[in-house]
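Trainee: Take 870 as the starting number for the sequence shown in our numbering and just add one per residue.
Below is a structure I'd like to ask you about.
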Amino acid sequence: VTLEAKTDPLDVAELAAIVKQLSDEAFLDRAARLRSYLQLDDTDQLTMLASAAVDACESFEELTTRWGKQRDMVVFTAHPTFLMSKQMRELLGDIACSDKPTKAQTAELTSLAHAPDKPLTLPYEHDAVLDAIDHASDAVSRFHGSLIKAAKDKFPAEWQNFVPRSLCTASWVGYDMDGRNDIGWHDVIRHRLIEKHRRLSWYRHRATNISGAAELVARLEASETHTAKAVALFTGDMDDPKSFTLAANFLSDDAPEKITDLEEIDDLIKKLLKQSEGKTALAVASLRADMASFGLGAGEVHFRLNANQIRNAARDALKLENDVDLFSRSVLDEVQKLIEGVEPVDVNFAALALEKASASRLFIAMAQFVKHIDATQPIRLLIAECENPVTVLSALYIARKFGVEKHVDICPLFETGDALDRARRILDVLFQQTTYQKYVNQRGRVAIQAGFSDAGRFMGQIPAGLAIERLQGHLAGYMEKNGLGHLDAIIFNTHGESMGRGHDQRSIMDRQLYALSPWARRQFSDRNIDLIHETSFQGGDGYLLFSNAQMSSASLAGILSAHLAAAKSPRQDLFYEDISTSLDFYRTVKKSQEDLFADQAYHTTLTTIGLALLPVTGSRKAKRQFERRTDEDASLRKIRAIPHNAILQQMGYLANIVGGVGGALAVEPTYFSQLEETSERFSRLMSLVAKARKLSEMKVLIAYMKLFDGSFWATRPLSGQEDHLEKPCADLANRLAKDNRYFSALQLAARLRSDSIALDKSLTKMGLLPDFNGTPPPLDMLHAIRIALIQHLFILAATLPRFSPQAGISREDVMELIFHLEVPQAVSLLRQTFPIDAPKVTDFKLKEKATYPSSNAPIYEQIHQDFIEPLRETHKQIQLITTGIAHYYNAVG
């Protein structure tokens, strides 16, 4: 970035222009990194991969075994990461696909603000995920079509029996109810109907281009029209009995146009396939594979609930005391008796509307899905904070009660430190239960979810990744031990685009191997257990990788290539063989991270202005909706994992990635340097740490918190060039004289600094930190400008005119809001206190004369011009800088 030198003071507008230029450059750098990450070029990666895959198969049976069964799933989640607008995401994807931006793309970038779309509602997110799924579906279809074509060439007598289903899609957007209460039952039904309508349209569009498929097109079109009407009816007012009844009766009626499975459609396709040849036959076979992959929707539906919601729904039946041992044989036997004895109940849409327990309502919704929307596509139930086997059995009890146990995969989420520590015992005990064994044998699969978010927050990202890898190995071992090795094993890794969760590897293939290492994969292959790896793509940052056809193909090629790379990975790796050293490394970093998270200085530093630096980036709140607001000290435990990570980015130091690693490496620096050279796993861990370190600078964090140091404000006017600031600076100095926030930051820095020095030495020895001269200058400049803008806010606060407390709000209250960067709330209160739209005496045409009030009474325009509008505009620029900074991390949080 080339900026013109200027010695005169800069106003907010001039700073805004500099911020835009710096953010545009960061955006272009991000596009270049994305191009390298996805290995984007003119190569048709999917076609080459398909040809190589078929060539490697010696027989048709081997082909169907390897590629006729699901191996991967792309799961689109709705975490709050919509920091860029839709137009900007699409532009970033387009530029990444080019060697360099065109003039038109550069002009478009210049015209765009680095800000989210508004408002970010659940329907907005649902539309965004369906766009991403469309691109992903097109890529899957191209890959499967290429597989079929290659199979036709190699196995001409058998190819028509080949239905590839290697990679599928799923979504929890609109179905994730963990920690939020704003998704109603009618929203769930409407979302599922919208997805069905969109998928039917997707199928019909493909069938229209197939010669002789008129009957198939007509059948699809009739069902598409029926589903569109259902969508319209469920978009109405479901609190109105008349509208509710009309919608419910329409969807539950057995109309001839309504389909709930693809059996009839598949019969038409088989018939058409027998009659076709050449390219037409290939197109028909490809459409058949699409339907096997996606069913009647976006793919699989992933619901998510909290363990407490599950237990509350089953509490009356289970009658468990609060202090009961949820691992005890007596409790497990009692729950299994209840499961075996429960009689399924019949439900309708009235039951769904009237049910109050969130878990029961969710299972009723599943029942309605199966009966009236899609009877074949699997439904996933993800249970957050699952820390005992009884929770899984409780979910099975409710599933059986509502008759959906044959359709739903109950999937415990191991994410908290306690859950990961107990995972070994939970899996072993759960897999021994007779009712659970019957259930998973019926389903043909065992599913778990490994969460990188809260684990990375509480125990650090590197220990979290290692703990999850150990969990993955335990799953394989306990499936074999308990006679479940003949079933599919599903591991859903919700790692996403965060740097700490493994996104910032050399390529998307390496990302896959970070989340599910070659060692973990071998735990299943060595036991002949078929493994399905599910990968999370989160919100705007995740959907970016599927923003156009070329990026979608490259993303899928990277995901699928990870299997080939894992198979070629050396079986011997010193990181796994030298268990004592690896465990010491893990425990040392984990202990350091846990101590860090327990440190009040860490909480104080991050919560002072951290959340306020983040714009609204999704419909899901940064804090859990079920938690009450209290006057207790701010705690990071109330802030979700992605905002927590984003705060660390925005304050300049990625403590939950790099913290503690330096001390662990310093024990044997030469040994760990050699280990980085020889161990594939340790090399990926250190690569991640090195990237985080290059973007971390302790001085930045201290600079933000220096604003709460009274002595800073006392000394600022000493130059004699800012006489007009002497009074407000003195006011700030007095107000912050006893404030402990800056000193908390110094305490935190003292905890982290020596570890950081040790880390730099080790990374330099490994060759991962060559010629390191600090964070990138443009990134530093963005931080510097934002710190200057925050100073400007504080000075504006100190110069606010005094006013009498109104509605319990005083000038001091407004100032404290500004100190926390809660500027929108402060502006709202000031507008109420100093209204400019209040009635004037001239508004009233009265006959009775009066001399008071005067028609020219003050109406506060000057206060708005001098204080309120500058506050608003300065805060706007502070949050625009957030996106520019996030570009350097390739994601927000």
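Ideal Cβ positions, reconstructed from N, Cα and C, are used throughout, including at glycine.
From ARG1620 to VAL1527, what distance separates their C-alpha atoms?
Mentor: Numbered from 1 along the sequence shown, position 751 holds the residue referred to as residue 1620. Numbered from 1 along the sequence shown, position 658 holds the residue referred to as residue 1527. Using only the alpha carbons, I get a separation of about 13 Å.
Trainee: Starting from the C-beta of TYR1072, find all residues in its chain whose C-beta is less than 6 Å away, skip the five residues before and the five after it, and write them out in chain order.
Mentor: Taking the first residue of the sequence shown as position 1, residue 1072 is located at position 203. Correct list, in chain order: LEU1089.
Trainee: Please report the residue range of the beta strand (DSSP E) in which ARG1489 lies.
Mentor: Taking the sequence shown and counting its residues from 1, the one referred to as residue 1489 is at position 620. It is not in any beta strand (DSSP E) - ARG1489 carries neither H nor E in the DSSP assignment.
Trainee: Would you decide whether VAL1198 is buried or exposed? Buried here means 16 or more other CB atoms lie within 10 Å of its CB.
Mentor: The count along the sequence shown starts at 1 and reaches residue 1198 at position 329. Rather than Val, the amino acid found at residue 1198 in this sequence is Arg. ARG1198 should be labelled exposed.
Trainee: Whole angstroms is fine: what's the gap from ALA1384's alpha carbon to GLU1338's?
Mentor: Counting from 1 along the sequence shown, the entry for residue 1384 is found at position 515. Counting from 1 along the sequence shown, the entry for residue 1338 is found at position 469. The alpha-carbon atoms of ALA1384 and GLU1338 are separated by roughly 8 Å.
Trainee: Going by DSSP in three states, LEU1576 sits in which element: helix, strand or coil?
Mentor: Numbered from 1 along the sequence shown, position 707 holds the residue referred to as residue 1576. Coil.
Trainee: Which same chain residues, not among the five before or five after ALA1470, have their C-beta less than 6 Å away from its C-beta?
Mentor: Here residue 1470 is taken as the residue at index 601 of the sequence shown, counted from 1. Cβ within range, chain order: SER1613, GLN1616 and LEU1617.
Trainee: Exposed or buried, which one is ASP1500 when buried takes at least 16 other CB atoms within 10 Å?
Mentor: On the sequence shown, position 631 is the one that residue 1500 refers to. Confidence at ASP1500 is low in this model, with a pLDDT of 37, below 50, so the placement of that residue should be treated as unreliable; the coordinate-derived value is given next. Per the 10 Å Cβ criterion, exposed.
Trainee: Whose C-alpha, out of ALA1719, VAL1710 and VAL1683, is nearest the C-alpha of PHE1703?
Mentor: Along the sequence shown, read from residue 1 onward, the residue named residue 1703 stands at position 834. Closest option to PHE1703, Cα to Cα, is VAL1683.
Trainee: So with Cβ pairs under 8 Å, would you call THR1260 a contact of chain D?
Mentor: Judged by its chain identifiers, the structure shown contains no chain D, having just a single protein chain.
Trainee: Determine which residues share a DSSP beta bridge with LEU1036 and list them.
Mentor: On the sequence shown, position 167 is the one that residue 1036 refers to. Paired residue(s): ASP941.
Trainee: In or out: ARG1440 buried (at least 16 other Cβ within 10 Å) or exposed?
Mentor: Taking the first residue of the sequence shown as position 1, residue 1440 is located at position 571. So ARG1440 counts as exposed.
Trainee: Please classify ALA1760: is it buried, with 16 or more other beta-carbons within 10 angstroms of its beta-carbon, or exposed?
Mentor: Numbered from its first residue, the sequence shown carries residue 1760 at position 891. Looking at its Cβ environment, which holds 16 or more other Cβ atoms inside 10 Å, ALA1760 is buried.
Trainee: How many Å lie between ALA1657 and PHE1663 at the Cα?
Mentor: Taking the sequence shown and counting its residues from 1, the one referred to as residue 1657 is at position 788. Taking the sequence shown and counting its residues from 1, the one referred to as residue 1663 is at position 794. ALA1657 and PHE1663: Cα-Cα distance of roughly 10 Å.
Trainee: I need the boundaries of the alpha helix (DSSP H) containing PRO1693, first residue and last residue.
Mentor: Residue mapping note: residue 1693 aligns to position 824 of the sequence shown, counting from 1. Segment 1692-1702, the alpha helix (DSSP H) holding PRO1693.
Trainee: Between the region 1456-1475 and the region 1409-1417, are three or more C-beta pairs nearer than 8 Å?
Mentor: No contact exists between the region 1456-1475 and the region 1409-1417.
Trainee: Going along the chain, which residues of its own chain have a beta-carbon closer than 7 Å to the beta-carbon of SER1548, five neighbours each way excluded?
Mentor: Taking the first residue of the sequence shown as position 1, residue 1548 is located at position 679. Correct list, in chain order: ASP1442, LEU1443 and PHE1444.
Trainee: Hey, TYR1308 and GLU1274 are a contact pair by Cβ (cut 8 Å); roughly how many whole angstroms apart?
Mentor: Taking the first residue of the sequence shown as 1, we reach residue 1308 at position 439. Taking the first residue of the sequence shown as 1, we reach residue 1274 at position 405. About 6 Å; that satisfies the 8 Å criterion.
Trainee: Return the CA-CA distance between ARG1380 and GLN1407, expressed in angstroms with no decimal places.
Mentor: By 1-based counting over the sequence shown, the position of residue 1380 is 511. By 1-based counting over the sequence shown, the position of residue 1407 is 538. Cα to Cα, ARG1380 sits roughly 14 Å from GLN1407.
Trainee: For VAL1569 and LEU1207, I'd like the C-alpha separation in whole angstroms.
Mentor: Looking up residue 1569 in the sequence shown gives position 700. Looking up residue 1207 in the sequence shown gives position 338. The alpha-carbon atoms of VAL1569 and LEU1207 are separated by roughly 58 Å.
Trainee: Quick check on LYS1437: buried or exposed, where buried means 16 or more other Cβ atoms within 10 Å of its Cβ?
Mentor: Here residue 1437 corresponds to residue number 568 of the sequence shown, with the count starting at 1. Exposed, since its Cβ has fewer than 16 Cβ neighbours within 10 Å.
Trainee: Out of LEU1699, TYR1412 and ASP1109, which one is the CA nearest neighbour of PRO1670?
Mentor: As a position in the sequence shown, residue 1670 is number 801, starting the count at 1. Answer by Cα proximity: LEU1699.
Trainee: Hey, GLY1369 and GLY1325 are a contact pair by Cβ (cut 8 Å); roughly how many whole angstroms apart?
Mentor: The residue labelled residue 1369 in the question sits at position 500 within the sequence shown. The residue labelled residue 1325 in the question sits at position 456 within the sequence shown. Indeed, because the Cβ distance is near 5 Å, the residues count as touching under 8 Å.
Trainee: Given a threshold of 16 other Cβ atoms within 10 Å of its Cβ, counted over all protein chains shown, does MET1574 qualify as buried or as exposed?
Mentor: As a working note, residue 1574 is residue 705 in the sequence shown. MET1574 comes out buried.
Trainee: Would you tell me roughly how many angstroms separate the C-alpha atoms of THR1450 and TYR1522, rounded to the nearest one?
Mentor: Counted from its first residue, the sequence shown places residue 1450 at position 581. Counted from its first residue, the sequence shown places residue 1522 at position 653. Roughly 27 Å between the two C-alpha positions.
Trainee: Based on Cα-Cα distance, which residue from ILE964, TYR1729, GLN1301 and GLY1286 lies nearest to MET1348?
Mentor: Stepping through the sequence shown from its first residue, residue 1348 is reached at position 479. Taking only the C-alpha atoms, the option nearest MET1348 is GLN1301.
Trainee: I need the straight-line Cα distance from ALA886 to THR1149, nearest angstrom please.
Mentor: Counting from 1 along the sequence shown, the entry for residue 886 is found at position 17. Counting from 1 along the sequence shown, the entry for residue 1149 is found at position 280. Spanning the two alpha carbons is a distance of roughly 56 Å.
Trainee: So SER1121 and PHE1218 are supposed to be a Cβ contact under 8 Å. How far apart are they, rounded?
Mentor: As a first step, residue 1121 must be located in the sequence shown, where it is residue number 252. As a first step, residue 1218 must be located in the sequence shown, where it is residue number 349. About 7 Å; that satisfies the 8 Å criterion.
Trainee: Output the boundary residues of the beta strand (DSSP E) element that contains PHE1807.
Mentor: Not covered by the structure: residue 1807. The range shown for the chain is 870 to 1762.
Trainee: Where does the unbroken beta strand (DSSP E) through LEU1400 begin, and where does it stop?
Mentor: As a first step, residue 1400 is located in the sequence shown; it is residue number 531 there, counting from the start. Run containing LEU1400: 1400-1407, per the beta strand (DSSP E) assignment.
Trainee: Touch check for the region 904-912 and the region 976-994: three-plus C-beta pairs under 8 Å?
Mentor: No, the region 904-912 is not in contact with the region 976-994.
Trainee: Compare the Cα-Cα distances from ALA1535 to each of ALA1005, GLU1717, THR1743 and ASP1453 and report the closest residue.
Mentor: Locating residue 1535 in the sequence shown gives position 666, counting from the first residue. That would be ASP1453, whose Cα lies nearest to the Cα of ALA1535.
Trainee: Which of the three DSSP states is assigned to THR1539 in this structure?
Mentor: In the sequence shown, the residue the question calls residue 1539 occupies position 670. If DSSP states are grouped into helix, strand and coil, THR1539 belongs with the helices.
Trainee: Using only the alpha-carbon positions, how far apart do HIS1055 and PHE1103 sit?
Mentor: On the sequence shown, position 186 is the one that residue 1055 refers to. On the sequence shown, position 234 is the one that residue 1103 refers to. In a straight line, the C-alpha of HIS1055 is about 7 Å away from that of PHE1103.
Trainee: Looking at the structure shown, is GLU1212 part of a helix, part of a strand, or coil, going by DSSP?
Mentor: Start at 1 with the first residue of the sequence shown, and residue 1212 comes out as number 343. Three-state result, GLU1212: coil.
Trainee: Does DSSP classify GLU1501 as helix, strand or coil?
Mentor: By one-based count along the sequence shown, residue 1501 stands at place 632. Bear in mind that a pLDDT of 40 at GLU1501, under 50, signals an unreliable position, so the number given afterwards is only what the model happens to contain. Three-state result, GLU1501: coil.
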